[in-house]
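Residue numbers for the sequence shown follow our numbering, beginning at -17 and rising by one.
Even glycine gets a Cβ: it sits at the ideal position worked out from N, Cα and C.
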Amino acid sequence: MKNPFNSITFNKLEKNFYAQILTSAMPYYIAVVGFDKVAGQILMAAVENMDRFNECKVNLHDLDQYLDVSENTRKKSLNVLRYMNFIETKNSNRTGGETTFKVNVQFACKGSIEEKIKMPSALNKSFRSAALVNGQICKEKFKKYKQFNNDMKQEGVDGLIPF
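In structure tokens:
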């Protein structure tokens, strides 16, 4: 089956670029693959079709079919990648299931890494080294991870927490 990820920007010269994977990120990538193989497949499929801004789009239903996994398996795999700061996701189109992926420039990039780090829109976060125990992702720490932090919600005057 065809890779479901699509490049956001189109440039004829992009076909000449190659995605370089940085060796400093390999221990973290190996830990991710050891923890969840589907997460490694998602990351490699995204890197293959990302544009020069390290972004790509995917329809989540097509991604499930491509990987031959359930929605819950895909969600767990995406949470592993978010937890380790490999990707950021943004829902572009809620009704169509389109999601924008941004790949961390410290893992892979097309072109010069020095230029990518200077870009204000680049995802340039360090990997969670504290999440690793003996080179593997700590399951207890991962269970506590939430994609969205609800600490900002406060009780109102009536004692109810707003949505």
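To which residues does DSSP link residue i through a beta bridge?
i: Thr5; result: In the DSSP output, where bridge partners are listed per residue, Thr5 has none listed.
i: Ile119; result: Leu114
From residue i to residue j, what distance separates their C-alpha atoms?
i: Lys125; j: Asn61; result: 10 Å
i: Asp46; j: Leu25; result: 14 Å
i: Asn31; j: Glu70; result: 16 Å
i: Thr5; j: Glu53; result: 31 Å
i: Val29; j: Met66; result: 16 Å
i: Glu122; j: Asn(-15); result: 33 Å
i: Arg56; j: Ala21; result: 8 Å
i: Gln23; j: Asn73; result: 20 Å
i: Leu42; j: Val51; result: 11 Å
i: Phe145; j: Gly93; result: Confidence at Phe145 is low in this model, with a pLDDT of 48, below 50, so the placement of that residue is unreliable and no value is reported for it.
i: Tyr127; j: Leu49; result: 24 Å
i: Asp18; j: Phe68; result: 14 Å
i: Tyr10; j: Ala90; result: 13 Å
i: Leu114; j: Val85; result: 20 Å
What did DSSP end up calling residue i once you bin it into helix, strand or coil?
i: Lys98; result: helix
i: Ile(-10); result: coil
i: Ala112; result: helix
i: Lys92; result: strand
i: Ala104; result: coil
i: Tyr127; result: coil
i: Lys(-16); result: coil
With residue i and residue j assumed to form a contact (beta carbons below 8 Å), what rounded beta-carbon distance in angstroms separates them?
i: Val87; j: Leu105; result: 6 Å
i: Ile119; j: Val14; result: 7 Å
i: Phe(-13); j: Cys38; result: 5 Å
i: Arg33; j: Ile(-10); result: Rather than Arg, the amino acid found at residue 33 in this sequence is Asp. Confirmed, Cβ separation roughly 5 Å.
Uninterrupted alpha helix (DSSP H) stretches inside the stretch 32 to 87 (no shorter than 4 residues): With a minimum length of 4 residues, the continuous alpha helix (DSSP H) runs that stay inside the stretch 32 to 87 are 42 to 49, 53 to 65.
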